[in-house]
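Asker: Here it is: the structure, laid out below.
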Amino acid sequence: MKSSADVQLDSCNVRLVDPERVASVNARMPGEEDIADTADVFGLLGDPRRLKLLVALLDGELCVCDLAAITGLSESATSHALRLLRAHRVVAVRRDGRNAFYRLDDAHVRMLLDLAVAHTEHTDAIHPERSKG
Numbered sequence: 001m002k003s004s005a006d007v008q009l010d011s012c013n014v015r016l017v018d019p020e021r022v023a024s025v026n027a028r029m030p031g032e033e034d035i036a037d038t039a040d041v042f043g044l045l046g047d048p049r050r051l052k053l054l055v056a057l058l059d060g061e062l063c064v065c066d067l068a069a070i071t072g073l074s075e076s077a078t079s080h081a082l083r084l085l086r087a088h089r090v091v092a093v094r095r096d097g098r099n100a101f102y103r104l105d106d107a108h109v110r111m112l113l114d115l116a117v118a119h120t121e122h123t124d125a126i127h128p129e130r131s132k133g
């Protein structure tokens with residue numbers, strides 16, 4: 001049985017420790033809709049197949065067929081993933097006849113991917129769900 005000293009409480013003893021900082025953070029906090037949209041983008045990036053598509057696009061524009069070959073996804077699955085990414089303005093499309101060529105939508109997406117990949121490459125992350133065999 002745990003003693004009361006071993007139990008951490010989930011409540012603050014003081015309502016605001018630094019009210020000026022709280023006000024400053026609240027003033028720059030994006031609106032609820034922007035927060036939800038940003039969370040959606042991170043959700044899209046959280047799928048390894050979609051992330052692989054985006055990393056492939058770091059080198060520039062590619063057609064659906066080439067992206068499917070790079071990722072190992074079917075053309076249908078690739079197109080579906082790209083539709084989702086396009087709907088959230090993560091990728092943009094250019095049509096040339098019957099071919100669709102995709103690219104990262106803007107420099108912000110590139111920066112997000114570059115930073116995420118760089119973070120992963122330099123961090124010895126511990127993943128308890130993965131065994132080191």
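Here full-length UniProt numbering is used: the first residue of the sequence shown is 1, the next is one more, and so on.
We treat Cβ as the ideally placed atom computed from N, Cα and C, and that holds for glycine.
#1: Quick one: grab the DSSP three-state call for D96.
#2: Roughly how many angstroms lie between the CA atoms of V109 and V90, to the nearest whole one?
#3: In chain order, which alpha helix (DSSP H) runs of at least 4 residues are fully inside the UniProt domain "HTH arsR-type" (30-124)?
#4: Spatial neighbours of R94 within its chain, please: CB distance less than 6 Å, with the 5 preceding and 5 following residues excluded, ordered by chain position.
#5: Inspect the CB distances between the segment 74-90 and the segment 33-50 and report whether three or more fall short of 8 Å.
#6: Let me know if A36 comes out buried or exposed under the rule of 16 or more other beta-carbons within 10 Å of its beta-carbon.
#7: Please classify N13: does DSSP put it in a helix, a strand, or coil?
#8: Can you confirm whether the segment 103-118 touches the segment 47-59 when touching is taken to mean that 3 or more C-beta pairs between the two stretches lie within less than 8 Å?
#9: Would you kindly work out how many angstroms separate the C-alpha atoms of S74 and D66, rounded to a whole number?
#10: Can you tell me which of E121, A69 and V117 puts its alpha carbon nearest to the alpha carbon of L51?
#11: How close, in whole Å, do the beta carbons of L53 and L82 come, if the pair is a contact with beta carbons under 8 Å?
Answerer: In short, the structure shows the following:
#1: strand
#2: 6 Å
#3: 32-45, 48-56, 64-71, 75-87 and 107-122
#4: F101
#5: yes
#6: exposed
#7: coil
#8: yes
#9: 11 Å
#10: V117
#11: 7 Å
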